[in-house]
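For reference, the structure is listed below as structure tokens.
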Amino acid sequence: MATMVLAFSAIVQTLAAFAAMRLVFVTRFPLAWGLIAAALILMGVRRAITLYRGLMQEGVFAPDLAAELVALAISALMLCGVLWIGPLLRGFDRTNRALQSRQAELQAYAEASSDYFWATDEKHRASYFSEEFERITGIPTERLIGMDRVDITPTNVDRDRWRAHLEDFEKHRPFRDFVFQHARPDGSTVSLSISGVPVFDDRGDFLGYRGVGRDITPLVEAQNERREQAQFLDSIVENIPAMVFVKDATDLRFTLLNRAGEEMLGVRREDYIGQSDHDVFPREEADHFTRIDRETLARADSLDIQEERMTSPTRGERFLRTKKIAIRDGGGMPRYLLGISEDITERKAGEEMLARSLEEANRANRAKSDFLAKMSHELRTPLNAIIGYSEMIAEEMAGPDVSPQYKRYAGHVRESGRSLLALVNDLLDLSRIEAAQLDLLEEEFDYVKLLEGCLVESGSQSERGQGPTLARDFDRRALMMRGDPLRLRQAVGNLVSNAVKFTDDSGTVTVRLRAAADGVTVQVHDTGVGISPGDLPHVFEPFHKGNPNTRTNRQGVGLGLNIARYLVVLHQGRLEIESRSGEGTLVTLWLPVERMVEE
């Protein structure tokens with residue numbers, strides 16, 4: 009019986025040795041299982057030797073049945089253990105290989121991701137950074153391994169945010185989207201956003217943080233650019249001289265009002281934001297604005313309101329020209345209403361004033377027409393004299409002999425003809441001046457001779473003792489100038505003629521000529537009736553006539569001074585008048601030195 013147990017024990021040990029030998033080839037521990045297999049083989053050999061001795065020396069050597077039963081049990085347990093641990097080891101090996109494969113796969117994902125992964129140990133020291141971190145920041149990852157969290161993040165982060173972030177670390181709390189800037193070795197700056205969660209073991213002991221980081225530099229730059237664009241647009245809106253306002257399309261409440269709007273309305277924008285038209289305007293105006301706003305939101309294009317009335321809480325009634333347009337979302341639905349208003353109150357008042365001025369000008373034009381109609385009397389008077397005296401000469405009403413009386417008639421005809429010619433010439437010149445068609449024909453001429461000619465023409469009455477005395481005061485015998493001598497002769501002649509006309513026979517008209525460094529001055533000074541203070545500001549106006557002369561009781565038509573000043577201005581000169589009632593008049597005609605010709 010003991011021999012059978014011994015034989016069976018040897019077989020079991022041999023099977024256990026072969027099972028252990030097989031594990032040498034299917035596990036990752038060949039040396040260990042090789043030693044176990046060798047030990048089992050040796051134990052099987054020993055049992056085989058014991059069995060051989062028992063069979064060969066039966067009766068002399070008999071195995072102990074109890075010992076062999078124990079050995080058989082040990083062999084059976086060893087076989088069961090080897091057979092049971094084999095699948096366990098193979099499963100463990102497969103699990104280990106799967107974990108390694110998964111780890112490699114996750115590593116590949118980490119390296120291929122645009123984000124980077126990081127980890128810290130229980131003391132918040134960096135223990136891992138994926139390769140993407142080095143690509144983003146330019147900092148080798150091995151340089152950061154073992155560094156404390158405080159040393160990795162730059163110190164230019166906002167102090168309160170940084171303190172809250174470190175508090176999350178110390179209290180092992182998860183965090184998300186902590187944004188900071190990191191300096192690259194080349195001096196540039198990269199913006200990063202990191203999130204992390206704490207990791208604990210089965211016993212709840214803290215093992216560190218595992219997290220992910222992302223390069224948000226393009227996003228931050230885009231946000232900064234949008235912020236700059238918003239500031240730029242805000243600056244434009246704030247400095248536009250027109251009122252710019254925005255309303256919510258749903259309830260038409262103000263969401264924006266620029267500085268010009270505050271000034272136009274005379275209120276603070278804070279008092280308008282969030283309010284509707286019915287909150288700030290009279291009901292009738294608010295109803296009108298609301299109706300126009302709804303009409304604009306329903307339109308595909310903008311709405312231009314040429315004129316609308318608005319009552320400002322502080323500035324009273326104003327008139328606006330407003331353009332409104334709906335601001336729509338991507339789906340075409342109106343989100344906001346944009347309005348741009350121009351205050352046309354002053355312009356409207358100016359237009360009304362212009363209309364009144366135009367009406368006054370029309371009335372003045374009609375008055376001018378009336379005046380010209382009445383001028384027929386002025387024209388007929390010298391014509392009648394010319395015709396009458398001419399007939400008397402033709403019919404020899406005084407007799408056939410030539411007598412002094414006929415000569416006086418001829419003189420009257422001549423003077424009346426000259427007056428009529430001068431009047432017609434003045435009217436023609438006025439029409440050219442108003443049409444800006446009066447041009448100069450410039451040439452060189454002697455200014456002294458021109459003045460003497462004017463005195464000769466105006467002195468016919470003085471020579472006969474029928475007018476004031478004409479005097480001259482020239483500091484030069486000759487003075488060459490460049491200009492239109494005909495027009496300057498006309499201007500000076502008008503001045504001398506006016507002086508003679510408004511000066512009594514006992515008075516004096518003096519013409520002075522002075523040449524200075526800045527130009528040439530001609531003064532016509534008379535001792536006549538002068539000009540009243542009320543008439544002096546209007547003497548250069550066309551058709552203005554002052555007080556009648558006491559000697560001649562004639563005023564003329566009021567064109568001489570107007571035409572004279574225009575002709576002087578054409579020569580880049582100026583004409584000035586000083587006068588007092590009863591004390592005479594001083595008229596100064598100045599021409600610039602550029603008009604002088606070097607001798």
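Numbering-wise (our numbering), the sequence shown opens with residue 9 and increments by one. C-beta atoms are modelled at their ideal positions from N, C-alpha and C, and glycine is treated no differently.
Taking the Cα positions, R371 is about 10 Å away from R364.
As computed with DSSP, S320 is found in a beta bridge with G324. Rounded to whole angstroms, the Cβ separation of S320 and R326 is 5 Å, and the two are in contact under 8 Å. In the DSSP assignment, the residues bridged to Q189 are S199.
Taking a contact as a CB-CB distance under 8 Å, the pair N570 and E591 does not count as one, their CB atoms being some 24 Å apart. The segment 226-234 makes no contact with the segment 302-315; the number of CB pairs closer than 8 Å stays below 3.
Contact between the segment 192-200 and the segment 166-175 is absent: fewer than 3 CB-CB pairs across the two stretches fall below 8 Å. Inside the segment 245-274, DSSP marks whole beta strand (DSSP E) runs of 3 or more residues at positions 251-256 and 262-265, from first to last along the chain. When the five nearest sequence neighbours on each side are left out, the beta carbons in the same chain lying within less than 8 Å of the beta carbon of R307 are those of A334, in order along the chain. Here K509 carries a helix assignment [DSSP, helix/strand/coil]. Under a 10 Å Cβ-count criterion, C462 is classified as buried, with 16 or more other Cβ atoms of the shown protein chains found around its own Cβ.
Secondary structure in the segment 507-554: the beta strand (DSSP E) runs of 3 residues or longer, each lying completely within the stretch, are 516-523 and 527-534 in chain order. A straight-line Cα-Cα distance of about 51 Å links D168 and R299. Distance from the CA atom of F551 to the CA atom of Q413, rounded to whole angstroms, is 36 Å. The shortest C-alpha to C-alpha distance from I202 to any of A18, R157, A238 and D481 is the one to R157. Contact check between the segment 237-251 and the segment 278-290: fewer than three CB pairs, one atom from each, fall below 8 Å, which does not count as touching. Take R184, set aside five residues on each side of it, and the residues of its chain with a beta-carbon closer than 6 Å to its own are S203, in chain order. Runs of the alpha helix (DSSP H) lying entirely within the segment 159-184 and spanning at least 4 residues, in chain order: 167-178.
Counting the other Cβ atoms within 10 Å of the Cβ of I539 gives 16 or more, which makes it buried. Check the Cα spacing between V547 and each of V530, R416, A572 and M488: the tightest is with A572. Ranked by how close their Cα comes to the Cα of F214, the residues V205, R222 and V220 have V205 in first place.
Out of Y397, N433 and D434, the CA that lies nearest to the CA of V421 is found in Y397. Between T145 and the set R133, D194 and E178, the nearest pair of CA atoms involves D194. A residue is called buried when at least 16 other Cβ atoms come within 10 angstroms of its Cβ; I153 does not meet this threshold and is exposed. Counting of Cβ neighbours within 10 angstroms places D526 among the exposed residues, the total staying below 16. According to the DSSP assignment, Y280 belongs to no beta strand (DSSP E), since it is labelled neither H nor E.
The distance from the Cβ of S466 to that of G568 is about 12 Å, inconsistent with a contact at the 8 Å cut-off.
One Cα belongs to D129, the other to E270, and the distance between them is close to 60 Å. If you ignore the 5 residues before and after R276, its C-beta comes within less than 8 Å of the C-beta of E270, all in its own chain and listed in chain order. Secondary structure at V605: coil, using DSSP grouped into helix, strand and coil.
Cβ-Cβ distances below 7 Å link I248 to N266 and A268 in the same chain, with the five nearest sequence neighbours on each side left out; the list follows chain order. The Cβ atoms of V530 and V500 lie closer than 8 Å to each other. When secondary structure is reduced to three states using DSSP, I19 falls in the helix class. In the displayed model, Q580 falls within coil according to three-state DSSP, outside both helix and strand. Classified as exposed, K179 has fewer than 16 neighbouring CB atoms from the shown chains inside 10 Å of its CB.
Here S109 carries a helix assignment [DSSP, helix/strand/coil].
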